[in-house]
Amino acid sequence: MCLTHRIWSLHRVFKRQFLPTVFLHGAITISSCLAVGKPGEDSMLDEHGAVTFFDVDGTLVWSDDDPTAYEDEAAAFADYFANERPSEGVADAFARMSERGHATFICTGRPYYMITPGLRALNPTGVICGAGSYVRVGDTVVHEEHIPADAVMETARLFFEAGIDVDVESNERLVGLYPTGGVCPYPGSLTVRSLDEFAAEAPKLNVNKFSTRSVPAERIARIMPYLTEHFTVSDMQFGVYEVALKGLDKGAAIGIVLDYLGHDRAQTFAFGDSENDLPMAGAVETFVAMGNALPRVKDTADYVTDHVRDDGIVSALVHFGLI
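According to the numbering used here, the sequence shown holds residues 145 to 467 in order.
Spelled out as structure tokens, the structure:
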């Protein structure tokens, strides 16, 4: 059985109650602030309301301060995530959408544990994380998929032998396999430098995605044939790549949400800026690109709004009469 078929054979769907997650090395305990029942139960959704999906980085939040520019990169990232907040305009827009009966979903490549307190304070209807591998509506996880353990080890080995630092992500934690001697800077992460060290940690992870930062194109090209054969690979530009389960992306996850809510494509909106946001375009009625989006994303969009720094989300929501 080829690796791709094995990945799909281990497809798993869960419907279970969520347990509280600890963020930033357990320093901040976050309980769920999402509240919506399945349609027909105690739902807060208006059956005539819109269903909206928002990317995070470059869409809901933005910072001109680059954590990678600091000598202590890990401390800079910890400070960034601890203080991350959408603008007051975005927070107000989410509150107004809720008042009007619209559903709001955060739709991000981040693992669940990196949905920060500032993002949770938006009180979204639900979240899509891990580039579509994890779908949660209210307090219920309605869909979750993991990369099989043998595929995790084989892929990690190829990254390691190519001399590429790679972040191996799960919803609970992140392990950085860094053969170059660097340190994984993300809060709650563990850095390992050998395959033996990684093999000791891998069984503790329910891996849903690999990601890289600042990888030279010629280096990742060595393993790209394998990656594209077995995974969905998103080029986020500047040497940043996301490697997720093949056939699984934000668009597929949106389909799962709409099916769960019993909602068709009418009055559905998605907002994004990067290549991994493109699958959302085919899953919703209206796809909105941020003013800071990559050219290909803008070309695909039904509407291009303002830069995230200028509250492009708010401008678009006003334009479409959602607030």
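We put the beta carbon where it would ideally sit given N, CA and C, even for glycine.
{"Query": "Whole-number beta carbon distance between LEU392 and GLY276, since they are thought to touch under 8 Å", "Result": "5 Å"}
{"Query": "Length at least 4, wholly inside the region 235 to 291: the alpha helix (DSSP H) runs in chain order", "Result": "261 to 264"}
{"Query": "Minimum C-alpha distance to GLU228 - residue among ARG240, GLY395, TRP206", "Result": "TRP206"}
{"Query": "DSSP-derived helix/strand/coil call for ASP340", "Result": "helix"}
{"Query": "CA nearest to the CA of ALA410, picked from ASP309, GLY426, ARG301", "Result": "GLY426"}
{"Query": "Sub-7 Å separation of ASN420 and GLU373 beta-carbons", "Result": "no"}
{"Query": "Rounded C-alpha distance that separates ALA396 from LEU405", "Result": "15 Å"}
{"Query": "Cβ neighbour criterion (16 or more within 10 Å) applied to HIS463", "Result": "exposed"}
{"Query": "Candidates ARG254, ILE367, ALA437, PRO268, of which the one nearest VAL312 by Cα", "Result": "ARG254"}
{"Query": "Cut-off 7 Å between Cβ atoms - residues of its own chain near ILE308, not counting five sequence neighbours on either side", "Result": "THR356, VAL359, ARG363, ILE364"}
{"Query": "For GLN411: DSSP bridge partner residues", "Result": "Answer is none; GLN411 lacks a bridge partner."}
{"Query": "DSSP beta-bridge partners of LYS493", "Result": "Given a span of 145 to 467 for the chain in the structure shown, any question on residue 493 remains unanswerable."}
{"Query": "For VAL452, the three-state DSSP class (helix, strand or coil)", "Result": "helix"}
{"Query": "Whole-angstrom C-beta distance between VAL281 and VAL401, which should lie under 8 Å", "Result": "7 Å"}
{"Query": "Reduced DSSP secondary structure (H/G/I, E/B, other) of ASN352", "Result": "strand"}
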